[in-house]
Amino acid sequence: MSRRLSPVIPGFGLTLGYTLLYLSLVVLIPLATMFVFAARLTWHDFWAIITDARVLAALRLSFSTALFAAVINGVIGTLLAWVLVRYSFPGRKIIEAMIDLPFALPTAVAGIALTALYAPTGWVGQFATSLGFKIAYTPLGITLALTFVTLPFVVRTVQPVLADFPREVEEAAACLGAKPWQVFRHVLAPALLPAWLTGFALAFARGVGEYGSVIFIAGNMPMKTEILPLLIMVKLEQFNYPGATSIGVLMLVVSFILLLLINLLQRRIQTP
Amino acid sequence: MNHSNAMSASAARRGSPAARWLLIALGWLMFLLFLALPLAIVLTQALALGVGPFLAAIVEPDALSALRLTVLAVVIAVPLNLLFGLSAAWCVSKYEFRGKSLLVTLIDLPFSVSPVIAGLIYVLLFGAQGLLGPWLDDHDIQIIFALPGIVLATVFVTVPFVARELIPLMQEQGSQEEEAARLLGASGWQIFWHVTLPNIKWGLLYGVVLCTARAMGEFGAVSVVSGHIRGQTNTLPLHVEILYNEYNIVAAFSVASLLLILALCILLLKQWSEAHLDRQRNSAAEE
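Residue numbers (the UniProt record's numbering), protein chains in the order written: chain U, 1 to 272; chain P, 1 to 287.
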């Protein structure tokens, strides 16, 4: 059945068996349980739960804020990757090391820190107040929290590709008369796009499911600033398992469809 | 190539000096706004009333028991996923078999599942109304709202970390050294301990560091299964939430700054293992 790369190296049965067993016990069987619970509902009930106005509002909020945050990161992340790879300047090492802070910092800490910053009386929030708008407790605050939590994804996927890009290609373009901006647009950008999309997709997927950093800054007003994961939490606290399960299934299915689309787009770009 | 062409070629890579400084300034601005400010506010809020209240919030019994629980969850979850990561990377990188790319996708699956759903599925499986609930109840085993649930939720969200670091590294290194060792008569374990492990140790450390960071800070998944019993099933991040919701801001930020300091240690360890990994790659490339 299997063609082994290295028939002489022992351990195929042991490692594959253990890997499958562990994945099944920890990930696959528990995830399947959710679908078993969802299957107990009639289609009518399931549809009624997921088309409830409060669920739809949360769905729209979660996916749109995650999308905006991924787009913002697409820009900031590319800029940071560029600056870190191409230039040497004072503080480069510090920025390089600190880029991963959002991955290392517990999300609850990020949540209360960002709330303190962007609240109407906070260090940054007060400027927004004097300009007549609010950041914390609005979708804008949620977007900022998601931007923080997913900041490293685009930087860390684009950075190695940019660092390995052969300089001769850019120099050739420049010698042929391309302006720096044209070199970026026509030479570098197409090469970076697959990695950029990977980073974008990772940031988006993480943003949709993110909970800890968002609930503090969101304000959690039903219909206005209530995200989908929080709604699952609310249903669970009311022991409304059918509700929680249906929203969970909805979330997983929508995320997978979107990730699949991004994957297809990526394949299309890589094989022109 | 004449001089001016060389100049313009290098300019194409780096941009004009004005553009360069503008981009560097923007990079610094983003860093300050998005990374440095959140860090600074945690520390200033924690020390807002001086060192006394800061220390008091950390040595308070509920905080210490939360710290113990967090350490316990990390100490159980990380080795489990370390073993899994080694096993998964071994079978993916050393052999060719049908369904391999599906397996790699499944390993990454927990990354695209919301932490809240990670908690939910264990409640549906082991909770009072869950599939195995009645059976567990008959045998007097409690998983949800207790330590096993917290550990399981932590394990779920950190499954991919070590495997994800090791798979590309071991694929890149190939299997020649292991094959040579086998032909010289080494057993499977000897190959692993004396050939593979020394080659992957820095990548392994890197994966473990990332796994530890996530395990220590996991909030959503643990929040669903913990039950928030103060002094019993509260981890450090959950303790931060409780203090914050009680408007005990200084205490919340004090405990948060403890987590922040741990996060900074993790970043240092990460830099260190990454530097070794780079050095190893470069010397491999020179050979």
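We put the beta carbon where it would ideally sit given N, CA and C, even for glycine.
Check	Outcome
Beta carbons nearer than 9 Å to chain P: which residues of the stretch 22 to 39 of chain U have them?	TYR22, LEU23, VAL26, VAL27, LEU28, ILE29, PRO30, LEU31, ALA32, THR33, MET34, VAL36 and PHE37
Tell me the residue span of the alpha helix (DSSP H) that contains VAL59/P.	51 to 59
Consult DSSP for LEU5/U and reduce its assignment to one of helix, strand or coil.	Because LEU5/U sits at a pLDDT of 49, beneath the cut-off of 50, its placement in the model cannot be relied upon, and the point is left open.
Compare the C-beta of MET221/U with all C-beta atoms of chain P and state if any pair is closer than 8 Å.	no
Closest Cβ-Cβ distance between TYR95/P and chain U: below 8 Å?	yes
Just tell me which of PHE216/U, LEU228/U, VAL249/U and MET233/U has its CA closest to the CA of GLU246/P.	PHE216/U
Does the beta carbon of LEU35/P sit closer than 8 Å to a beta carbon anywhere in chain U?	yes
Buried or exposed, going by whether 16 or more other CB atoms sit within 10 Å of the CB of MET34/U?	buried
Residues in the same chain with beta-carbon distance under 6 Å from GLU177/P, minus the five sequence neighbours each way, listed in chain order, please.	VAL195
In chain P, which residues lie less than 7 Å from PHE12/U when you measure between Cβ atoms?	CYS91 and TYR95
For chain P, check one thing: does any of its Cβ atoms lie closer than 8 Å to the Cβ of PRO180/U?	yes
Could you check if HIS139/P is buried or exposed, using at least 16 other CB atoms within 10 Å of its CB as the buried criterion?	exposed
Determine which residues of the stretch 241 to 267 of chain U have a Cβ less than 8 Å from any Cβ of chain P, and write them out in chain order.	TYR241, ALA244, THR245, GLY248, MET251, LEU252, SER255, PHE256 and LEU259
For VAL83/U and TRP181/U, I'd like the C-alpha separation in whole angstroms.	15 Å
By DSSP, does GLU286/P sit in helix, in strand, or in coil?	helix
Between GLU172/P and chain U, is there a C-beta pair that is closer than 8 Å?	no
On a Cα-Cα basis, can you pick out the residue from SER16/P, LEU43/P and PRO148/P that is closest to LEU69/P?	PRO148/P
Contact between the stretch 55 to 74 of chain P and the stretch 227 to 246 of chain P is defined here as three or more beta-carbon pairs at a separation below 8 Å; is this criterion met?	yes
How is ALA6/P classed by DSSP in three states: helix, strand or coil?	Residue confidence is low: ALA6/P scores 48 on pLDDT, short of 50, so the model does not pin down where it sits. No coordinate-derived value is stated.
Which residues of chain U have a Cβ atom closer than 8 Å to the Cβ of ALA263/P, listed in chain order?	LEU101, ALA104, LEU105, PRO106 and VAL109
When the Cα atoms are used, what is the spatial distance from SER2/U to ILE167/P?	Below a pLDDT of 50, predicted positions are generally treated as unreliable, and SER2/U, at 46, falls in that range; the measurement from the model is reported next regardless. Rounded to the nearest angstrom, the two C-alpha atoms are 19 Å apart.
Around the Cβ of LYS270/P, are there at least 16 other Cβ atoms within 10 angstroms (buried) or fewer (exposed)?	buried
Does the beta carbon of TRP28/P come closer than 8 Å to any beta carbon on chain U?	yes
Looking at SER255/U and PHE46/U, is the spacing between their C-beta atoms short of 8 Å?	no
Can you find a C-beta in chain P that's less than 8 Å from the C-beta of TYR211/U?	yes
Looking at the secondary structure, which residues open and close the alpha helix (DSSP H) in which VAL187/U lies?	Here VAL187/U belongs to no alpha helix (DSSP H), and DSSP marks it neither H nor E.
Compare the C-beta of ALA19/P against all C-beta atoms of chain U and say whether one is closer than 8 Å.	yes
Taking Cβ positions only, does LYS270/P come closer than 8 Å to chain U?	yes
Determine the direct distance from the alpha carbon of PRO17/P to that of ARG92/U, and round the result to whole angstroms.	17 Å
Does the CB of residue 299/P have a neighbour CB from chain U at under 8 Å?	Residue numbering for chain P in the displayed model covers 1 to 287; residue 299/P lies beyond these limits and cannot be assessed.
Does DSSP put GLY185/P in a helix, in a strand, or in coil?	coil
Check the Cβ of TRP123/U against every Cβ in chain P and list those closer than 8 Å, keeping chain order.	LEU37 and ILE41
Does the stretch 67 to 75 of chain U come close enough to the stretch 133 to 153 of chain U to have 3 or more Cβ pairs within less than 8 Å?	yes
Check the Cβ of PRO229/U against every Cβ in chain P and list those closer than 7 Å, keeping chain order.	SER114, VAL116 and GLY220
With DSSP collapsed to three states, give me the class of TYR95/P.	coil
Given 8 Å as the limit, is there contact between the stretch 181 to 194 of chain U and the stretch 227 to 243 of chain U, that is, 3 or more CB pairs closer than that?	no
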